[in-house]
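Residue numbers (my numbering): 25 to 208.
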């Protein structure tokens, strides 16, 4: 009878052992599967992180390049401002010269007219001296206007490039730095 009891206990132990073995194997498979999933997620995350780092590095280089271009454009803009200042001064000098020439012209015309009236037309050929003065005035006016037009065209071209690069800079690096806009 003790042998039967022992045999039964042995059978029960084998059965329990078998169940534990099955549970252990299923748990092992389950955790191996979970571990593989976690490793796959980790690998994907690491790849994503390395791609983001590479992209950040490229963006940083692009921002630095755009910053250098912005500095160059600012220098060019400042040079254009100085050139504009010089052109304005030249324009003022030309206006003063024009005023002076106009006064001289009026004086000479009045003098020629007075002499013509006084001498009864004897010196009418002096009226021809007024013609070169008129040509000189037209030339001075045309020269100043051409300089202004040329400067304005150059200014528009630089303003276009400045706005283009500053907008590209803003799109590349928002919040990094705010470029100064052109004042119209």
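Idealized CB from N, CA, C, for every residue including glycine.
When you compare only the Cα positions, how much space is there between residue 28 and residue 44? A straight line joining the alpha-carbon of residue 28 with that of residue 44 spans about 24 Å.
Assuming residue 209 contacts residue 175 under a Cβ cut-off of 8 Å, what Cβ separation, rounded to an integer in Å, is found between them? Absent from the structure is residue 209, since the part of the chain shown begins at 25 and ends at 208.
Can you give, in chain order, each stretch of the alpha helix (DSSP H) that sits fully within the region 29–62 and has at least 4 residues? Complete alpha helix (DSSP H) runs here, min 4: none at all.
On the three-state DSSP scale, how would you describe residue 91? Three-state result, residue 91: helix.
Residue 25 (DSSP reduced to helix, strand or coil): Coil at residue 25, not helix or strand.
What is the C-beta distance between residue 97 and residue 185, in whole angstroms, given that I count them as a contact (C-beta under 8 Å)? The Cβ separation is near 7 Å, so the contact holds.
Alpha carbon of residue 49 to alpha carbon of residue 89, nearest angstrom: Straight-line measurement puts the Cα of residue 89 at about 59 Å from the Cα of residue 49.
Please report the straight-line C-alpha distance between residue 121 and residue 141, rounded to a whole angstrom. So the two alpha carbons sit approximately 30 Å from each other.
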